[in-house]
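Line by line, the protein sequences give chains A and B. Take 2 as the starting number for the first sequence in the working numbering and just add one per residue. Take 373 as the starting number for the second sequence in the working numbering and just add one per residue.
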Amino acid sequence: MARYLLRRLAFLLVSLALASVVLFVLLRMLPGDPANALTSVGASPEQIAAARHAIGSDKPLPEQFTHWLGQLASGDLGTSFVSSLPVGPEVASRLNVTVPLTLTAFALAVLIAVPAGFVAAYKRHTWYGALLSGVSQLGIAVPVFWLGMILIAVFALNAGWLPAGGFPQDGWSQPAEAIRSLVLPVVTIALVMSASLIRYVRSATLDVLGSDYLRTARALGSSFGRAMWRHGLRNASVPVISVLGIELASTLLGAVVVESVYALPGLGSMLATGIAQHDYPVVQGVLFVSTLAVLLIGFAADLVQRIIDPRLRGRLSGGAR
Amino acid sequence: MTQADVLSPVRPKKTSPGTRRNRRSATLVVGCVLAGLVALLALVSLFWLPYPTDDTSGGRLAGPGGGHLLGTDKLGRDLFTQVMTGSRIAVEAGLGSVLIAATIGVTLGVLAAFAQGWLDDTVSAFLDILIAFPTLLLAMLIVAARSATLGSAVLAIGLAQSAVVARLVRILAKRVLAHDYITAARTSGTSWSRTVAGHVLPNIWPTLVVNLALQFGLAVLAEAGLSYLGLGAPPPNASWGRMLQEAQATFTTAPVGALAPGILLVLLVIGVNLIADGLRDTLDPATRRRRA
């Protein structure tokens, strides 16, 4: 296990290094000079050159890259071209919104989808089993922003129970307000996420229910519950965990639409603004932090899968293959 | 028995026993009806629209009726006209993205399937990272580089989906390549390209087609999301996403504009997903056996 951990960790670091090179090069390939964002329209060539010099975009690319790496090594994500504020603290304050939003929605989605998916498979011939499958079929077809609009119209505008959007200016120092403003976004993400998760849980459960080992266990006198607990759960959870990892990672930044519907100051909206303003350090910083998160989540998912399923132990990564 | 019957290949009788087959075809039929409804709207919009797209004569935020089937939006434009153009954009977005995703994804996936050892690990890990990278962000980068057009959005969605398709094709093709008859074919001198064309693609296409149908639905949703954020087709092209975004502020006073595009969107995506389910049950012998 220790040897595997070392290899997997090395793999993670190499991926991160590769990803940062790709990130850096891709961003420099974008057209549009960030110096334009700093200077007023009709600025003289000298002013533009001065702006370029100030942000360092006149230096050769390798030098810019090593400079960025040096900053990263000392835990500095750089300084925004536009606001001249350091990126790191800004990312941290955005994470204060995005991380609770994503994790709560994720947990809620799992709490909904695992039992619902199991029932949808186990009771698939009953009306409520079919209903659950139907609801999830409907759920994956609903655009997340539209669900958000409807929830706002019903629970915020009509009923007036919850705020229609925004986040308190002082953030978590007003915990009650902060929680209230996150309720609808969390529910929105959780509903959409659980709709697709139900399908995965259902199909994993169907595989287990039709398996020979379950039939054998039952034939040897094990009760259904015991057979499911000892054999079914492990086997069904491996592919589901693989999907969970991907869902969690993509929700972290994919929350940008929900953040937009509810006007939340999250990581996704920070990135959107950064891209629109050609603010390299912001885009680079946000993408670096989120790539790191994606890799760490993949690492965790692989580890959990290996602990659950010994058959995967010969492999470096992944479960659903 | 006519000549044509003799010449046509043997087919299983349509009256084969059991209700399951009927239920399968029911899924397919319902899916075709739902998606076909939207496709029909899109097709008609190419030749005829109730009003010109820039006609603002209808009075603002009028309710349904009075020459406007669904009423008008906040600029006085006919909502039904916009919904029709929107369906055309949605179908175009779905088709375009899936075409890009299929071309790149199948090529990359087949190539990756031949990779071994650490190269294989690297490729699959790279695909995993790409998949976890949200479509929307890729789209934002592409839109920033080009401009907010339907083409940029479709390109971004197609590229993001090609990673998903590539991963699936890689797994499926690897499974095929592990068979003894492939080794036999290869040792007897069958070329690389003939192996792919003769053995790999015919074996993976049922699963692939089902997945591409699902990707179509996802592409339609992604395009709507992008245009909701203002990163899709620019005005006056009424994408459903942008219509919804514009109607958000008047949801309680003029709900039709905030509901109609969403409902059509859901119908189209459900329809395509049902087609995918129906195709899976008809095309894939493995699930047919398991469910029977």
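Even for Gly, the Cβ is constructed at its ideal location relative to N, Cα and C. Here the structure is a predicted model, which means the values were calculated and not measured.
B:A402 to A:V284, Cα distance in whole Å?
This sequence places Val at residue 402 of chain B; Ala is not what is there. Near 45 Å, if we compare the C-alpha coordinates of A:V284 and B:V402.
Just tell me which of A:V193, A:V26, A:D213, A:R9 has its CA closest to the CA of A:A106.
When the alpha-carbon of A:A106 is set against those of A:V193, A:V26, A:D213, A:R9, the nearest one is in A:V193.
I want to see whether chain A comes within less than 9 Å of B:N583, judged by CB atoms only; does it?
No - not a single Cβ of chain A is within 9 Å of the one on B:N583.
Quick one: complete alpha helix (DSSP H) runs, 4+ long, within the segment 129-206 of chain A?
145-152
Segment limits, alpha helix (DSSP H) that includes B:P627
627-655
Inter-stretch contact at 8 Å, needing at least 3 Cβ pairs: the segment 206-215 of chain A / the segment 119-136 of chain A
yes
Closer than 7 Å by beta-carbon distance: list the chain D residues that pair up with A:W69, in chain order.
Among the protein chains of the structure shown, namely A and B, there is no chain D.
Any beta-carbon of chain A closer than 9 Å to the one on B:P627?
yes
Which value, in whole angstroms, describes the spacing of the CA atoms of B:V455 and B:S611?
8 Å
Contact set for B:Q533: own chain, Cβ-Cβ below 8 Å, skip 5 residues either direction
S469, V470, I472, A473, G477, T507, Q587, L590, A591
Is it true that the CB of B:L540 sits closer than 9 Å to the CB of B:A528?
no
Identify whether A:A20 lies in helix, strand or coil by the three-state DSSP scheme.
helix
Once the 5 residues before and after B:K385 are set aside, which same chain residues still bring their CB inside 6 Å of it?
Note on B:K385: pLDDT 44, under 50, position unreliable in the model; no value is reported.
Test item: CB-CB of A:R95 and A:L215 under 9 Å
no
Alpha helix (DSSP H) runs contained entirely in the segment 481-567 of chain B, provided each spans 4 or more residues
With a minimum length of 4 residues, the continuous alpha helix (DSSP H) runs that stay inside the segment 481-567 of chain B are 489-504, 507-517, 522-549, 552-559, 564-567.
A:T99 in three-state terms, based on DSSP:
helix
Starting from the beta carbon of B:V638, find every residue of chain A whose beta carbon is closer than 9 Å, and list them in chain order.
Within 9 Å Cβ-Cβ: L139, A142, V143, P144, W147.
Check whether chain B comes within 9 Å of A:N159, counting only Cβ atoms and requiring the distance to be less than that.
yes
My output table needs one value for A:G76: the three-state DSSP class, helix, strand or coil.
coil
Residues of its chain near A:F25, where Cβ-Cβ distance is below 6 Å and the 5 sequence neighbours each way are ignored:
F66
The ligand COA heavy atom lying under 8 Å from the CB of A:I180
The ligand content of the structure shown is nil, which means the ligand COA is not present either.
Minimum C-alpha distance to A:L112 - residue among A:S195, A:S21, A:S134, A:S238:
A:S195
8 Å Cβ cut-off: residues of chain A touching B:T624
Those are A154, L158, N159, listed as they occur along chain A.
For B:A517 and B:H551, what's the separation of their Cα atoms in angstroms?
Separation of B:A517 and B:H551 (C-alpha to C-alpha, rounded to the nearest whole angstrom) is 45 Å.
Per-residue DSSP class, three states only, for B:G437
strand
Classify A:P90 as buried or exposed, calling it buried when 16 or more other Cβ atoms lie within 10 Å of its own Cβ.
Flag for A:P90 reads exposed.
Reduced DSSP secondary structure (H/G/I, E/B, other) of B:T425:
Residue state for B:T425 is assigned as coil, using DSSP reduced to three classes.
Own chain, CB closer than 8 Å to B:V405, minus 5 neighbours either side, in chain order
G643
On the DSSP letters alone, give me the boundaries of the alpha helix (DSSP H) that A:R216 sits inside.
213-220
Give me, in chain order, the residues of the same chain whose beta-carbon lies closer than 7 Å to that of A:F168; leave out the 5 immediate sequence neighbours on both sides.
V98, A179, S182, L265, P266
Taking the C-alpha atoms as reference points, what is the distance between A:L17 and A:S243?
Going by the C-alpha atoms only, they are around 20 Å apart.
Nearest to A:L253 by alpha carbon, out of A:S75, A:L272, A:V305, A:L158?
A:L272
With a threshold of 6 Å on Cβ separation, who are the neighbours of A:I141 within its own chain once the five nearest residues in sequence on each side are excluded?
A196, S197
Indicate the three-state DSSP secondary structure (helix, strand or coil) for A:T252 in the structure shown.
helix
For B:L513, would you say it is in contact with chain A, using Cβ-to-Cβ distances shorter than 9 Å as the test?
yes
Which class does A:D310 belong to by DSSP, given the choice of helix, strand or coil?
coil
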